[in-house]
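S.K.: Would you mind keeping the following structure in view while I ask a few things?
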Amino acid sequence: MEKIAQEKTPGMSRRKFLTLACTVAAGLVLGADKLAGGDKKAGKENNSRNESLNKTDKNQKNEDKKNTAENVLSMISYTNIKQLDIKKIPNIFDNLLYYFNQKIITFSDIKKAIIPPIEYAACLFFSDNYARKELPEKVSNIDTDTPFGKKMIEIANTSSEILEERPKFFLIFELYAKYFGEADCDWKKESYLFRNTSFNPVPGKSELSKNHTFAIDLYYPSKMQGEREIGPEICSLKAGIVLGCADDWQGGATESEYQGGGTSPKSGNAIIIFNPKNYELYYYAHLDSVNVKPGDFVNSGQVIGIGGNTGLNARKKGHGNHVHFEIHHYNNEKNTNDYVDVYALAETIEKTKVV
Ligand SMILES: [Zn+2]
958 MEKIAQEKTP GMSRRKFLTL ACTVAAGLVL GADKLAGGDK KAGKENNSRN
1008 ESLNKTDKNQ KNEDKKNTAE NVLSMISYTN IKQLDIKKIP NIFDNLLYYF
1058 NQKIITFSDI KKAIIPPIEY AACLFFSDNY ARKELPEKVS NIDTDTPFGK
1108 KMIEIANTSS EILEERPKFF LIFELYAKYF GEADCDWKKE SYLFRNTSFN
1158 PVPGKSELSK NHTFAIDLYY PSKMQGEREI GPEICSLKAG IVLGCADDWQ
1208 GGATESEYQG GGTSPKSGNA IIIFNPKNYE LYYYAHLDSV NVKPGDFVNS
1258 GQVIGIGGNT GLNARKKGHG NHVHFEIHHY NNEKNTNDYV DVYALAETIE
1308 KTKVV
């Protein structure tokens, strides 16, 4: 899907471009064209001089455009999120679209600027309670000399840094989808998480109470490959943007065995997907491998990874062979992020199960 978005411009984008070509670009482009206009009465020599001047002007003009485009890109980059004025975001996107249609910047430039590193994606997923209370408590006495401690501190620092910037991030992702993913995604469709339904992944009601209150562990048959467990293909419940994913987790069943990587030491290899239509965030954890990249648009039912047993808890004997699935809902008006409880979650998964 990434390729599709890269190669074609959605219809809406083209319409926008026409309007923008007459407005935004006018100052930039017309001014330079006037300067480059040659004198018709001038001789051959003058003409060739003018031609080379035209060339220089054209190069200069392109260079100026590239610089301006890069400035616009940096304004919207996650690295400058603190300085960014939220009210300017829609206008910045209009400009980005103009430069994209002019082929001055590519889809991959835009993606690189706005899709943050995995730590950010994980922190954007955190519920308010976890970000404001549980996580700071957890790291207050942590041993920072271990890979586990280092990773947790890095996550906690990122979390406190971007907590108040969430409205900007989510608006940026919403517009990114609107301009670059709208045509490719079926936003209404809900799909199964597993293609193989010879097993029943949703625990019964009595089992659910032993599950998490905020997430659901969906069990499946799996094969062992040394320490690794290889589960079935995991499909995306809904369409969305891959905000982050990791497939570099290394560790064992305990904190001291953790060596690095993953979305977090406990989640292991995971995928975080944002649905810009309902402001839901989906978390698929303990995967063996992932099939997507940050910034990709995925459709409902698309295979996004393979089940596994990465993450500390999932690596414990008898605790693997499940995908930890969680949905959070970001409330735009209140700037809060909270989980969808496990019963509602079970119902959603049951409803979408293919028999
Ligand atoms: Zn779990």
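Quick note: the sequence shown uses our numbering, first residue 958, plus one each step.
The beta carbon of each residue, even a glycine, is placed where N, CA and C say it ideally should be.
How long is the line joining the alpha carbons of Tyr-1056 and Asn-1007, rounded to whole angstroms?
M.R.: The residue you call residue 1056 lines up with position 99 of the sequence shown. The residue you call residue 1007 lines up with position 50 of the sequence shown. Whole-angstrom Cα-Cα distance: 27 Å.
S.K.: If you run the structure through DSSP and keep just helix, strand and coil, what is Leu-1200?
M.R.: Here residue 1200 refers to the residue found at position 243 when the sequence shown is read from its first residue. Three-state result, Leu-1200: strand.
S.K.: Under 6 Å from any heavy atom of ligand 2, does the C-beta of Asp-1174 make it?
M.R.: Questions concerning ligand 2 fall outside what the structure shown contains, since the ligands it does hold are ligand 1.
S.K.: With DSSP as the reference, please indicate the residues paired to Lys-1045 in a beta bridge.
M.R.: Here the question's residue 1045 lines up with position 88 in the sequence shown. None, per the DSSP bridge assignment.
S.K.: Of the residues Tyr-1296, Leu-1302, Lys-1308, Tyr-1287, which one's Cα is nearest the Cα of Glu-1121?
M.R.: For the purposes of this step, residue 1121 is taken as the residue at position 164 of the sequence shown. Considering only alpha carbons, the answer is Tyr-1287.
S.K.: Measuring CA to CA, which of Leu-1041, Gly-1268, Ser-1179, Thr-1063 is closest to Pro-1124?
M.R.: Here residue 1124 refers to the residue found at position 167 of the sequence shown. Ranking Leu-1041, Gly-1268, Ser-1179, Thr-1063 by Cα distance to Pro-1124 puts Leu-1041 first.
S.K.: Which partner residues does Ser-1221 have in the DSSP bridge list?
M.R.: The residue labelled residue 1221 in the question sits at position 264 within the sequence shown. Partner(s): Gly-1225.
S.K.: Excluding the 5 residues preceding and the 5 following Glu-1307 in the sequence, name in chain order all residues of the same chain whose CB lies nearer than 7 Å to its CB.
M.R.: By one-based count along the sequence shown, residue 1307 stands at place 350. Hits under 7 Å: Val-1159.
S.K.: Give me the Cα-Cα distance between His-1285 and Leu-1302, rounded to the nearest whole angstrom.
M.R.: Here residue 1285 refers to the residue found at position 328 of the sequence shown. Here residue 1302 refers to the residue found at position 345 of the sequence shown. One C-alpha to the other measures close to 10 Å.
S.K.: Classify Arg-1152: buried if its beta carbon has 16 or more other beta carbons within 10 angstroms, exposed otherwise.
M.R.: Indexing the sequence shown from 1 puts residue 1152 at position 195. Exposed.
S.K.: Quick one: does the C-beta of His-1281 sit closer than 6 Å to a heavy atom of ligand 1?
M.R.: Locating residue 1281 in the sequence shown gives position 324, counting from the first residue. Correct: His-1281 has its Cβ closer than 6 Å to ligand 1.
S.K.: Entirely within the region 1119-1155 and at least 4 residues each: give me those alpha helix (DSSP H) ranges in chain order.
M.R.: DSSP runs (the alpha helix (DSSP H)) wholly in the region 1119-1155: 1123-1137.
S.K.: Quick one: Cα of Asn-1266 to Cα of Ile-1067, how far?
M.R.: Translated into the one-based positions of the sequence shown, residue 1266 becomes position 309. Translated into the one-based positions of the sequence shown, residue 1067 becomes position 110. For Asn-1266 and Ile-1067, the distance between alpha carbons rounds to 34 Å.
S.K.: Please determine, among Gln-1017, Ile-1173, Lys-1162, Lys-1045, the residue with the shortest C-alpha to C-alpha distance to Tyr-1239.
M.R.: Here the question's residue 1239 lines up with position 282 in the sequence shown. Of the candidates Gln-1017, Ile-1173, Lys-1162, Lys-1045, the one whose C-alpha sits nearest the C-alpha of Tyr-1239 is Ile-1173.
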